[in-house]
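J.: Before we start, here is the structure in question, set down as structure tokens.
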Amino acid sequence: MSGRLNNRVAIVTGGASGIGLETSILFAQEGANVILADISFEGAQKGAKIIEERYPNVKAIAAKTDVGKEADVKAVVDLAVKEFGRLDIMFNNAGIMHPEDDNALNTEERIWDLTMQINLKGVWWGCKYAILAMRQNATDENKGLHVGGSIINTASFVALMGAATPQLAYTASKGGVLAMTRELAMVHAREGIRVNSLCPGPLQTPLLMDFLNTEEKKERRRVHLPMGRFGEAVELAKAALFLASDDSSYVTGADFAVDGGLSKAYVTPIGEPALPPPSSLI
Ligand SMILES: NC(=O)c1ccc[n+]([C@@H]2O[C@H](COP(=O)([O-])OP(=O)(O)OC[C@H]3O[C@@H](n4cnc5c(N)ncnc54)[C@H](O)[C@@H]3O)[C@@H](O)[C@H]2O)c1
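Numbering (the numbering used here), first residue to last: 1 to 282.
Take a look at the structure:
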């Protein structure tokens, strides 16, 4: 542990699983107090317990939060301020990939609306209440605390490139996250608030693996991955740590792709991956 987030306060939405859980653990390892905000309270509690047992110097709180409800998002930001007196890092990471999301002809309006509610409106509300809280942050140089903060919004590689295996509402929602993040980064740049998008490539998390439920579906994607393997949630957690910490003090408005080179690929190599994937923190 190198204490890159000592004394900081973070909210991680979708903190019960995948990227959010790995990131919550990593943020705590680096010294942050963390609120794991998830629609699955049980999952968030499990994550908070892992942190509590491993890192007694920080506090982890599980919060039942539906990011598709503005009142829930406001409540979790209020909780951070009430419990810890500030909010330094807002990781708007919760998202869904609906099994009935399809192409322009087959996607039903209710699937479109639900996806937008969670993936795009949820991120907007996360940004809105985080900005209001971050404006109030007191500076304490002895503790390495500043005014403002870091907002990280999880988009996706599908916001950067097209797929012939469509999930139209999901893709549109993630494109919205990218565009919104860029604009917020400009609006709040002189308040010490940095806003960046994280664009994961395809990962071995329940979200994608439940969707790619046959070897054929997995292979259809794997062939396009330059490194020859899916990414791991922990690899995104490490990128989120960079964006959350002062190491990225001059980075704002970025479409930060952590995709094993996928979005830069034309023809990919043949053969097995050279290196094994890193181990999970869970
Ligand atoms: N897995 C991938 O391949 C991949 C690729 C690109 C982008 N992403 C994005 O990364 C983010 C995290 O995905 P993951 O792979 O870790 O998925 P995951 O399914 O492992 O975790 C998502 C978490 O979000 C929670 N959640 C769902 N709806 C919620 C809501 N309304 N309110 C609060 N919490 C809610 C779930 O309970 C779950 O704990 C998502 O935004 C996803 O779109 C994932």
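C-beta atoms are modelled at their ideal positions from N, C-alpha and C, and glycine is treated no differently.
Since this is a predicted model, take the numbers as computed values, not measurements.
For PRO206, which three-state DSSP category applies?
T.: In the structure shown, PRO206 falls within a helical segment according to DSSP collapsed to helix, strand and coil.
J.: Of all the options TYR55, THR65, MET161, ALA244, which has the alpha carbon lying nearest to the alpha carbon of LEU36?
T.: THR65
J.: Which residue or residues does DSSP assign as beta-bridge partners of PRO200?
T.: Per DSSP, the beta bridge partners of PRO200 are VAL258.
J.: Taking 7 Å as the line, does the beta carbon of MET180 fall inside it for any heavy atom of ligand 1?
T.: No.
J.: Taking the CB atoms as reference points, tell me whether GLU30 and LEU241 lie closer together than 8 Å.
T.: Result yes, Cβ atoms of GLU30 and LEU241 sit closer than 8 Å.
J.: Could you tell me which residues DSSP puts in a beta bridge with ILE11?
T.: Bridge partners of ILE11: ILE35, MET90.
J.: Alpha carbon to alpha carbon, what distance is there between GLY176 and ILE151?
T.: 16 Å
J.: Considering only the alpha carbon of each residue, which of TRP112, ASP101, ALA265, VAL251 lies closest to MET227?
T.: Checking every option, the nearest Cα to that of MET227 belongs to ALA265.
J.: For ligand 1, I want to know if ILE118 counts as a neighbour, meaning its beta carbon is within less than 7 Å of at least one of the ligand's heavy atoms.
T.: yes
J.: What I want to know is whether the C-beta of ASN93 ends up closer than 7 Å to one or more non-hydrogen atoms of ligand 1.
T.: yes
J.: Can you give me the C-alpha to C-alpha distance between GLU52 and ASP72, rounded to a whole angstrom?
T.: 24 Å
J.: Using a Cβ-Cβ cut-off of 6 Å (strictly less than) and excluding sequence neighbours within five positions of GLY253, which residues of its own chain qualify?
T.: ARG182, ALA185
J.: Could you check whether the Cβ of MET161 sits closer than 7 Å to any heavy atom belonging to ligand 3?
T.: This structure does not include ligand 3; its bound ligands are ligand 1.
J.: So what's THR154 in DSSP terms, helix, strand or just coil?
T.: strand
J.: Hey, ALA157 and ALA94: beta-carbon distance below 8 Å or not?
T.: It should be noted that the sequence gives Phe, not Ala, for residue 157. No, they are not a contact pair.
J.: Quick check on the DSSP output: the alpha helix (DSSP H) that includes LYS74 runs from which residue to which?
T.: 70 to 84
J.: I want to know whether the segment 44 to 63 touches the segment 241 to 250 - three or more CB-CB distances under 8 Å.
T.: Taking 8 Å as the limit for Cβ pairs, the verdict is that the segment 241 to 250 does not touch the segment 44 to 63.
J.: Apart from the five residues just before and just after HIS188, which ones in its own chain have a Cβ nearer than 7 Å to its Cβ?
T.: Listed in chain order, the non-local C-beta contacts of HIS188 below 7 Å within the same chain comprise ILE131, VAL195, local neighbours out to five positions each way being set aside.
J.: Is ASP246 helix, strand or coil by DSSP?
T.: helix
J.: PRO164 and ALA80: beta carbons closer than 8 Å?
T.: Per the sequence presented here, residue 164 reads as Ala, with Pro not at that position. For ALA164 and ALA80, no; Cβs fall outside 8 Å.
J.: Can you find the residues in the same chain that come closer than 6 Å, C-beta to C-beta, to ARG4, ignoring five residues on each side of it along the sequence?
T.: GLU30, SER245
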